[in-house]
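Read the structure below first, then the notes.
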Amino acid sequence: MQQQSAPPSPTLEALPKMKTIIPDSSLDYTPRKKIFTQEDIPNWLDSEAYYQIELFIARLSVAVDGKRVEDECHESAAVKAIVTFLEDLTAKIDSIPLDPSPQRFGNKAFRDWLSTMES
596 MQQQSAPPSP
606 TLEALPKMKT
616 IIPDSSLDYT
626 PRKKIFTQED
636 IPNWLDSEAY
646 YQIELFIARL
656 SVAVDGKRVE
666 DECHESAAVK
676 AIVTFLEDLT
686 AKIDSIPLDP
696 SPQRFGNKAF
706 RDWLSTMES
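Take 596 as the starting number for the sequence shown in our numbering and just add one per residue.
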């Protein structure tokens with residue numbers, strides 16, 4: 596039996612452009628929970644926010660297709676700040692061991708980690 600090859604990946608040009616969102620200062624953008632039951636999920640899947648997140652992930656995927664982690668790339672100041680932040684979070688996670696005792700509502704070490712994050 597002949598193995599089928601994967602279809603070619605789309606190019607960035609073939610994907611729709613990301614929508615530029617200019618916040619309206621008169622509106623409240625506080626995140627709110629809107630999915631309470633299984634019946635609420637189709638509204639989320641049909642939302643503009645879901646579409647934009649999915650498009651963002653697709654564009655990221657296409658942009659890195661064929662690239663290796665070791666490849667040289669330009670890192671903007673914003674990207675460097677995010678990478679530094681994530682490395683700091685990882686170091687803090689690694690520095691706080693999980694509590695091995697049985698726990699009913701999550702690991703108690705999370706409280707120590709959260710207080711470390713807040714300080």
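Each residue gets a CB set at the ideal place from its N, CA and C atoms; glycine is no exception.
- Proximity to L610 across P692, A686, S656 and A676 peaks at S656, based on C-alpha coordinates.
- Ranked by how close their Cα comes to the Cα of D683, the residues A653, F700, M712 and K612 have M712 in first place.
- Taking a cut-off of 8 Å for Cβ pairs, the region 618-635 and the region 650-668 do not touch, as fewer than three such pairs fall below it.
- Proximity to K612 across L640, I636, Y646 and D689 peaks at Y646, based on C-alpha coordinates.
- The alpha-carbon of E667 is positioned some 15 Å away from that of V678.
- Cβ contact annotation for D635 (same chain, cutoff 7 Å, sequence separation greater than five): K629, in chain order.
- Taking the C-beta atoms as reference points, K687 is found no nearer than 8 Å to D694.
- A direct Cα-Cα distance of roughly 17 Å separates F705 from L681.
- Straight-line spacing of the CA atoms in Q633 and A644 works out to 18 Å.
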